[in-house]
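Protein chains in written order, with my numbering: chain A, 11 to 718; chain B, 122 to 317.
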């Protein structure tokens with residue numbers, strides 16, 4: 011058991027909980043500046059079209075309209091909007107229903123809305139393609155000039171030669187491995203696009219003062235957002251300030267800067283007035299991104315004794331017109347296996363862009379591989395827990411040691427908390443219409459280390475000021491980091507003041523994505539605190555008017571090791587075989603995230619990730635009309651986002667591990683929480699019904715179809 | 122909110138902490154285009170309404186929603202707009218004691234009515250028991266849906282009926298939380314209803 015600590019490890023309410031429950035927390039939509047204009051965007055009603063002409067004279071004639079931007083009068087590039095192709099704020103041709111065509115600034119939002127509708131756009135509609143595999147067929151309409159197959163993301167991100175082609179990973183000899191296997195399962199799994207659907211819609215407020223641009227915007231990374239905006243406008247970084255005091259969720263779709271930031275800034279520059287650009291919920295669903303849909307073809311082989319021997323995955327990820335993220339299909343790395351080949355194609359299509367949503371490439375990949383492995387267990391009559399204890403990864407890709415490892419503990423302690431041995435039954439044993447089943451799946455997510463920065467100031471009143479470039483997007487990062495600082499300085503938490511969410515006041519941060527904040531920024535805080543304590547020893551506490559200041563910018567690396575957080579999830583559910591409903595009755599989530607800094611907020615992260623996963627498994631999907639290329643349900647109700655009625659009691663188990671590379675032994679938590687969920691639920695539905703459903707979401711229609 | 126500071130609150134909440142630790146439109150139709158082309162100012166109406174006990178006489182555009190008036194004209198930004206189409210519940214306020222979506226309620230309809238918003242929950246420097254319970258149960262994550270969850274919970278408690286796990290879920294079903302912290306919200310409302 012880890013040594014008890016003074017602050018770290020104690021359940022602690024958020025430092026800013028009071029602001030969050032009284033309405034005082036100030037989010038970007040709450041910003042109002044004197045003389046501020048309101049902006050609205052006109053969007054394409056076609057999935058693919060060439061714009062012949064745009065006439066906005068009537069819009070400009072409307073009282074209160076100040077400026078209109080289109081692709082003809084604005085050629086600013088949105089660089090972070092596409093890694094593979096040039097992406098402008100306004101593009102011609104438009105490549106998806108919802109592509110921005112024009113933006114209007116007016117004295118109030120109703121006038122801006124009315125003016126947008128007065129813009130006449132002459133479209134020459136083009137053929138379109140919605141599905142990734144169809145987009146690769148000969149003769150498919152090209153979505154981008156270079157064709158529909160994108161280069162592997164690793165080449166794009168690495169700045170290397172970006173030649174179109176799949177991303178390939180290989181070890182061993184997969185064909186020989188399959189031939190040597192006693193049992194081979196060959197199958198096809200399909201996952202769908204679903205939206206991050208964070209509660210706060212995108213709003214950007216931009217103001218220029220004496221040549222300096224300030225943007226209030228909901229962003230997961232104030233530093234990278236600031237850098238992106240500066241580069242788009244050709245400004246030095248210090249001439250751009252990004253402020254995000256409170257942020258209403260993102261789950262990966264508020265990384266980097268968004269086109270909204272740039273459009274607001276450009277309208278503000280031209281009108282010489284502050285501009286607030288607000289997206290509607292429908293626009294937010296369509297114009298940013300959700301999780302990429304995948305098509306996964308597996309061939310998996312195992313020995314009769316349950317030893318996994320070969321995995322082949324050929325996958326297709328539909329990315330929409332633009333490549334912002336990897337498009338990977340992950341999950342097979344959770345298993346030991348001598349022969350592996352993974353080939354993933356990232357493909358341009360005429361639908362809404364796909365990119366990061368919590369553990370971006372994992373839950374859909376785990377749905378596939380966990381289902382196939384469960385099928386192997388069923389074929390050879392092996393308990394899935396036993397199978398996982400035998401085959402779960404011990405070294406990253408069977409070659410690289412982990413810095414700390416609690417996956418087996420997660421499986422064993424999770425199974426015990428769930429009473430797996432008591433609850434698990436053979437498949438499809440219930441005779442009535444309501445059938446009960448259990449399922450499990452595992453997960454892992456990188457707990458990377460990397461460059462970060464923190465500054466500590468100890469003032470003459472004994473207050474410790476922690477400057478960190480975080481926003482606290484809902485994870486509790488502000489509190490976690492203050493706890494790490496208090497622990498490091500051996501102070502009470504209430505002596506720590508956090509300065510955050512403002513690039514002019516807080517130092518570089520990698521951004522709150524990739525479950526990196528605790529490890530990255532926390533590490534910097536511990537280092538800065540060591541310096542501050544040394545100064546205290548040498549000089550004593552600061553006298554009147556004095557301060558002690560310490561800053562650290564560590565960039566820790568791993569020497570021949572991989573650093574991961576792990577999880578194993580267990581679910582029991584009931585399937586209504588007549589009406590198709592799935593009702594969860596028990597859920598256990600066991601996690602190895604190293605030492606837990608704040609058990610209160612970490613537990614909330616797990617519960618939230620699990621329920622997001624339940625929504626993904628059972629009902630969420632952005633649907634397109636195949637005849638028109640128009641999405642039919644972009645909104646909370648239509649896309650069937652989870653509600654208070656979709657909950658199940660969730661037991662959270664944190665296994666006791668410590669990681670020598672993390673602050674106080676901590677690793678990461680946020681993204682690992684959603685990874686096993688869909689796979690575990692799909693396997694439980696098989697256990698209940700004896701039918702394996704291979705396409706998400708597993709809604710009533712698919713359950714009834716599988717039973718008939 | 123005068124009288125409550127973050128520090129003084131956190132100091133008082135330690136008992137609660139210990140308890141918690143043991144708990145496991147993209148395109149316009151012809152009508153919209155015609156409307157947009159009509160010249161002249163939008164029609165306005167004078168209304169009087171009470172917000173958090175304070176009466177206001179306002180001249181509002183007929184097309185303004187209640188949430189627009191609250192946020193943009195009365196500067197009560199604690200009520201959030203998540204979808205502006207009656208799907209998410211972030212804008213929930215009480216109208217004569219009942220919870221409504223303020224994004225889907227015209228300001229002119231509120232003439233003569235009493236509105237309560239999240240800013241009115243704490244009285245005389247004391248948090249509402251719901252707010253206290255929300256903090257102790259870590260109910261807000263990003264916090265954007267929190268005001269709406271609070272007001273729907275307040276409406277439930279206002280009814281005075283027995284509060285159960287199921288009645289909490291049903292009362293809050295119109296309030297989405299994408300951080301999906303539903304379980305903590307439900308536990309907090311139950312605790313507040315029991316005076317815990």
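Every residue, glycine too, gets a C-beta built ideally from N, C-alpha and C. All values reported here derive from a predicted model rather than from experimental measurement.
Query raised in the report: Which first and last residues belong to the alpha helix (DSSP H) in which residue 426 of chain A is found?
Result: 417-428
Query - Ordered list of alpha helix (DSSP H) runs contained in the stretch 127-208 of chain A, each at least 4 residues - result: 142-145, 163-167, 184-190
Requested in this report: Leaving out five residues on either side along the sequence, give the residues of the same chain with a beta carbon under 7 angstroms from the beta carbon of residue 700 of chain A.
Outcome: 437, 438
Requested in this report: Look up residue 453 of chain A in the DSSP assignment and give the residues it is bridged to.
Outcome: A:577
Query raised in the report: On the three-state DSSP scale, how would you describe residue 363 of chain A?
Result: coil
Query - Close Cβ partners of residue 661 of chain A (< 6 angstroms) along its chain, the five nearest in sequence each way excluded - result: 427, 598
Query raised in the report: Which runs of the alpha helix (DSSP H) fall wholly inside the stretch 247-290 of chain A and span at least 4 residues, in chain order?
Result: 269-281
Query raised in the report: When the cut-off is 8 angstroms and only beta carbons count, does residue 142 of chain B lie next to chain A?
Result: Reliability fails at residue 142 of chain B, whose pLDDT of 34 lies under 50, so the model's placement of it is uncertain and the value that follows must be treated cautiously. Output row for residue 142 of chain B: interface = yes.
Requested in this report: Taking 8 angstroms as the threshold, find out whether the stretch 16-34 of chain A comes into contact with the stretch 236-253 of chain B through three or more Cβ pairs.
Outcome: yes
Query raised in the report: Do you know offhand how far residue 355 of chain A's Cα is from residue 57 of chain A's?
Result: 22 angstroms
**Report entry** CB contact flag (residue 263 of chain A, residue 299 of chain A, <8 angstroms)
**Finding:** yes
Requested in this report: Please decide whether residue 208 of chain B counts as near chain A, where near means a Cβ-Cβ distance under 8 angstroms.
Outcome: yes
Query raised in the report: Sorted by chain position, which residues of the same chain lie with C-beta nearer than 7 angstroms to residue 615 of chain A's C-beta, five sequence neighbours on each side aside?
Result: 485, 679, 680, 683
Report task. Starting from residue 202 of chain B, find everything on chain A with Cβ-Cβ shorter than 8 angstroms and list it in chain order. Result -> 39, 211
Query raised in the report: Expressed to the nearest angstrom, what Euclidean distance is found between the alpha-carbon atoms of residue 636 of chain A and residue 377 of chain A?
Result: 25 angstroms
Requested in this report: Answer yes or no: do residue 522 of chain A and residue 230 of chain A have a C-beta to C-beta separation smaller than 8 angstroms?
Outcome: yes
Requested in this report: Provide the residue span of the beta strand (DSSP E) that contains residue 781 of chain A, from first to last.
Outcome: For residue 781 of chain A there is no data in the structure shown, the boundaries of chain A being 11 and 718.
Query - Residue span of the beta strand (DSSP E) that contains residue 318 of chain A, given as start and end - result: 318-328
Query raised in the report: Using a C-beta cutoff of 8 angstroms, does residue 30 of chain A count as contacting chain B?
Result: yes
Query raised in the report: Given that a residue counts as buried once 16 or more other Cβ atoms are within 10 Å of its Cβ, and exposed if not, what is residue 642 of chain A?
Result: exposed
**Report entry** Cross-strand partners of residue 309 of chain A (DSSP beta bridge)
**Finding:** A:196, A:322
Report task. Output, in chain order, the set of chain B residues within a Cβ distance shorter than 7 angstroms of residue 646 of chain A. Result -> 204, 208, 209, 297
**Report entry** Pick from A:629, A:37, A:688, A:417 that is closest to residue 255 of chain A, judged by C-alpha positions
**Finding:** A:37
Requested in this report: Output yes if chain B places a C-beta closer than 8 angstroms to the C-beta of residue 33 of chain A; else output no.
Outcome: yes
Query raised in the report: Using CA coordinates, which residue listed in A:449, A:314, A:72, A:379 is at the minimum distance from residue 321 of chain A?
Result: A:379
Query raised in the report: Is there at least one Cβ from chain B nearer than 8 angstroms to residue 19 of chain A's Cβ?
Result: no
Query raised in the report: Can you find a C-beta in chain E that's less than 8 angstroms from the C-beta of residue 596 of chain A?
Result: Going by chain labels, chain E is absent from the structure shown, which instead holds the protein chains A and B.
Query raised in the report: Among residues of its own chain, excluding the 5 on either side of residue 143 of chain B, which ones have a beta-carbon nearer than 6 angstroms to its beta-carbon?
Result: Here the model assigns residue 143 of chain B a pLDDT of 32, short of 50, so the residue's position is not dependable and the matter cannot be decided.
Query - As assigned by DSSP and simplified to three states, the class of residue 468 of chain A - result: strand
Query raised in the report: Does any residue of chain B bring its CB to less than 8 angstroms from the CB of residue 259 of chain A?
Result: yes
Query raised in the report: Does residue 655 of chain A get closer than 8 angstroms to chain B when you measure Cβ to Cβ?
Result: yes
**Report entry** residue 267 of chain B at chain A interface by Cβ criterion, 8 angstroms
**Finding:** yes
Query raised in the report: Taking the alpha-carbon positions, what's the residue 198 of chain B to residue 634 of chain A distance?
Result: 35 angstroms
Query raised in the report: Opposite residue 502 of chain A in the DSSP bridges: which residues?
Result: Beta-bridge pairing links residue 502 of chain A to no other residue.
Requested in this report: Within its chain, find whatever has a CB closer than 7 angstroms to the CB of residue 645 of chain A; leave out the 5 residues flanking it on each side and keep chain order.
Outcome: 291, 292, 295
Query raised in the report: If you draw a straight line from the C-alpha of residue 136 of chain A to the C-alpha of residue 301 of chain A, how long is it?
Result: 26 angstroms
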